[in-house]
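Notes follow the structure.
Chains as they are written, first to last, in our numbering: chain A, 26 to 144; chain B, 26 to 144; chain C, 50 to 174; chain D, 50 to 174; chain E, 707 to 806; chain F, 707 to 806.
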């Protein structure tokens with residue numbers, strides 16, 4: 026089955042990104058396809074490569090990057106939400122790309138299910 | 026009277042930063058002293074100089090910078106909260122500085138009032 | 050069925066008050082983009098979401114924040130015509146359809162529940 | 050009065066559940082720093098904040114998130130000894146003092162209100 | 707003491723959390739999305755009217771204006787203030803406690 | 707349809723918002739801070755027990771474990787699932803609606 030995933034909140038401050046990651050990983054492990062992970066609202070902060078969590082904590086940004094590379098995921102960051110919040114190519118972590126909101130709607134059309142994680 | 030201000034949330038996503046700014050401006054206009062504005066939790070995102078809001082919107086980051094420079098305000102960004110979220114010297118807007126949480130406690134001791142804006 | 054032929058029922062479900070958080074504004078940006086795809090778009094307002102449509106809002110004049118509410122009036126021009134507000138949510142807040150910036154269909158909670166249940170994609174905030 | 054002599058009553062008021070948001074963790078980081086200043090520190094747990102102290106939490110094992118709850122047990126070593134949990138908040142959640150990772154003084158809502166009212170600085174989340 | 711509440715009373719428990727612990731006679735300021743609590747004729751208006759009998763309840767006028775409630779009738783006893791009034795309340799009423 | 711709720715029922719209205727609009731027979735998953743609603747013996751347990759009579763109510767076990775509720779008694783009728791079960795629910799129950 027084809028899943029699209031929407032992440033509405035940034036790393037650490039809310040659990041949304043953690044939950045989305047665990048869901049995504051489980052879906053991939055089960056053989057499902059994840060057509061796109063879309064980062065909107067404060068969710069764009071998940072793409073900030075400058076994030077440097079404490080050594081005993083998970084690295085939310087790097088974890089998304091690695092999952093993206095490993096599975097060829099499309100990690101799409103909304104350009105409008107990102108501009109507002111200072112998330113641009115300058116600070117984009119590997120595996121993420123800046124795209125438009127149209128990519129979210131497209132994902133909603135193409136996927137069998139769109140699952141939202143937010144506050 | 027001496028005020029200290031704590032900003033807990035990032036720009037745009039929550040009104041907290043707007044409210045803190047309006048409060049700060051009013052207090053300064055009335056002749057009060059603002060000993061420190063401390064940015065904690067997602068509040069650290071207020072210091073991201075890459076933020077580029079739409080032309081018909083207010084520029085939250087620049088507005089803090091300008092108020093800070095104009096009044097010689099101490100705009101302190103928590104180092105630990107900032108590291109986690111990718112807010113470091115690399116992207117710091119003018120007028121902000123990275124400091125430790127001790128500066129928040131000190132501000133609470135030194136100021137007559139500490140006022141918190143958050144979610 | 051070809052990609053072009055896919056028409057899904059999309060709902061944009063607004064449950065948050067405007068200005069205190071950005072969700073109302075960024076959902077609206079989402080709806081404007083959604084209008085460019087030929088999908089069956091439903092825009093719903095329930096709980097504090099009904100406050101988004103209150104007449105007389107002046108975020109710019111009062112607080113230098115962005116006045117986005119007038120954009121709801123432009124939705125008609127984008128062929129987005131299925132707007133619904135929940136009756137119970139309006140009543141709890143002392144509002145009626147006459148207080149709102151755009152004409153909406155006021156439906157009761159049971160009808161809202163049935164509408165939600167019929168959707169293919171629900172985008173909520 | 051010299052700067053050194055200033056001793057204020059500080060309250061760290063925890064009202065949020067752990068893990069769903071970071072507030073509990075970052076308030077705790079604040080308290081550890083506060084311990085280095087010679088102030089009169091009060092740490093309070095009310096509403097969902099009482100969940101922060103629930104025994105048996107395992108955020109790392111369950112979700113790869115950070116296990117910060119054990120740090121509450123270290124507060125004693127930092128000479129932070131004034132910990133209070135609200136009785137009504139515990140009861141609503143089916144909890145008792147025996148469910149908590151550290152000994153706290155359980156006080157009722159009226160006592161919590163009086164304690165808050167006596168503070169010089171309240172840091173809440 | 708000044709208690710501040712900034713969340714909608716329909717969405718979250720912040721206002722009740724505050725009312726449950728505010729000492730009699732203290733000041734309570736409703737701002738941001740909490741200003742909806744100050745408007746007459748809603749499902750929470752009676753609770754707020756009752757609170758205004760025991761506390762000095764204020765509402766931030768610019769937040770009302772932003773939300774289209776500038777001319778709305780307010781709950782009996784609730785007094786509007788602007789940002790200058792907000793600052794004055796903080797100065798006059800002692801410790802500020804935010805019910806986030 | 708699958709409804710998801712991730713906020714504490716003591717803090718926000720999300721659970722009620724969901725229960726007010728979930729069609730009979732639909733699935734409801736409690737996760738993140740909403741797992742507290744699944745635990746027996748709380749002030750909201752009766753509401754959740756009633757909901758479980760009309761819906762299939764699930765709770766995400768890893769979120770219970772993170773919060774020290776792994777061995778807590780659950781409200782009658784509420785079924786624990788892990789992330790695999792979460793994915794299966796989304797696949798099996800159609801549209802996923804998040805009550806944020």
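Ideal placement from N, C-alpha and C gives every residue a C-beta, glycine not left out.
Expected contact under 8 Å - CB spacing of residue i and residue j to nearest Å
i: residue 101 of chain A; j: residue 128 of chain A; result: 5 Å
i: residue 732 of chain E; j: residue 709 of chain E; result: 6 Å
i: residue 143 of chain A; j: residue 804 of chain F; result: 6 Å
i: residue 74 of chain A; j: residue 116 of chain A; result: 6 Å
i: residue 28 of chain A; j: residue 60 of chain A; result: 7 Å
i: residue 780 of chain E; j: residue 745 of chain E; result: 7 Å
i: residue 94 of chain C; j: residue 133 of chain C; result: 7 Å
i: residue 81 of chain B; j: residue 131 of chain C; result: Not quite, the Cβ-Cβ distance comes to about 28 Å (not below 8 Å), so this is no contact.
i: residue 75 of chain D; j: residue 106 of chain B; result: 6 Å
i: residue 26 of chain A; j: residue 138 of chain A; result: 7 Å
i: residue 799 of chain F; j: residue 161 of chain C; result: Not a contact, Cβ separation roughly 19 Å.
i: residue 717 of chain F; j: residue 718 of chain E; result: 6 Å
Per DSSP, the bridge partner or partners of residue i
i: residue 62 of chain B; result: B:30, B:100
i: residue 136 of chain A; result: DSSP, once it has assigned bridges, lists no residue as partnering residue 136 of chain A.
i: residue 793 of chain E; result: Looking at the DSSP assignment, residue 793 of chain E forms no beta bridge with any residue, so it has no partner.
i: residue 129 of chain B; result: None, per the DSSP bridge assignment.
i: residue 808 of chain F; result: In the structure as shown, chain F starts at 707 and stops at 806, and residue 808 of chain F therefore has no counterpart that could be examined.
i: residue 133 of chain C; result: C:93, C:154
i: residue 155 of chain B; result: Missing from the structure shown is residue 155 of chain B; chain B here goes from 26 to 144 and no further.
i: residue 58 of chain C; result: C:89
i: residue 171 of chain C; result: C:60
i: residue 165 of chain D; result: Answer by DSSP bridge pairing: none, since residue 165 of chain D is not bridged.
Classification of residue i by the beta-carbon crowding that lies within 10 angstroms, buried from 16 upward
i: residue 56 of chain C; result: exposed
i: residue 50 of chain D; result: Note that residue 50 of chain D scores 44 on pLDDT, short of 50, meaning its location in the model is unreliable; the coordinates nonetheless yield the value given after this. Under this definition residue 50 of chain D is an exposed residue.
i: residue 768 of chain F; result: buried
i: residue 759 of chain E; result: exposed
i: residue 125 of chain D; result: exposed
i: residue 90 of chain D; result: buried
i: residue 33 of chain A; result: buried
i: residue 109 of chain A; result: buried
i: residue 747 of chain F; result: exposed
i: residue 135 of chain C; result: buried
i: residue 99 of chain C; result: buried
i: residue 167 of chain D; result: exposed
i: residue 124 of chain A; result: buried
i: residue 739 of chain F; result: buried
i: residue 97 of chain D; result: buried
i: residue 752 of chain E; result: exposed
i: residue 711 of chain E; result: buried
i: residue 119 of chain D; result: exposed
i: residue 152 of chain D; result: exposed
i: residue 174 of chain C; result: buried
Interface partners of residue i on chain D, CB under 7 Å
i: residue 37 of chain A; result: 71
i: residue 43 of chain A; result: 112, 114
i: residue 130 of chain B; result: 82, 83, 86
Under 8 Å from the C-beta of residue i: neighbouring residues of chain B
i: residue 57 of chain A; result: Ordered by position in chain B, no residue passes the 8 Å Cβ test against residue 57 of chain A, which lies about 30 Å from the chain.
i: residue 115 of chain C; result: 79, 81, 82, 83
i: residue 75 of chain A; result: 111, 112, 113, 115, 116
Residue i: contacting residues in chain C (beta-carbon distance under 8 Å)
i: residue 780 of chain F; result: The contacting residues do not exist; residue 780 of chain F stays about 26 Å from chain C at best.
Contact list for residue i against chain F, beta-carbon separation under 7 Å
i: residue 718 of chain E; result: 717, 718
Within chain E, the residues that residue i reaches when beta carbons sit closer than 8 Å
i: residue 104 of chain C; result: 774
i: residue 96 of chain D; result: 719, 723
Contacts of residue i in chain F (Cβ-Cβ under 9 Å)
i: residue 92 of chain C; result: Going along chain F, no residue has its Cβ under 9 Å from residue 92 of chain C, so there is no contact; the nearest lies around 15 Å.
Within chain A, partners of residue i - CB distance below 9 Å
i: residue 70 of chain B; result: 35, 67, 70, 110, 111
Within chain A, the residues that residue i reaches when beta carbons sit closer than 8 Å
i: residue 109 of chain C; result: The contacting residues do not exist; residue 109 of chain C stays about 16 Å from chain A at best.
i: residue 833 of chain F; result: There is no way to answer for residue 833 of chain F, as the model of chain F reaches only from 707 to 806.
Cross-chain neighbours of residue i in chain C, by beta carbon under 9 Å
i: residue 728 of chain F; result: 162, 165, 166
Contact list for residue i against chain E, beta-carbon separation under 9 Å
i: residue 158 of chain D; result: 726, 727
Interface partners of residue i on chain E, CB under 7 Å
i: residue 64 of chain D; result: 723
Contact set between residue i and chain D, taken where Cβ atoms lie within less than 8 Å
i: residue 786 of chain F; result: None at all; the shortest Cβ gap to chain D is about 12 Å.
What alpha helix (DSSP H) runs, 4 residues minimum, are completely inside the region 722–800 of chain F?
751–760, 767–772, 789–799
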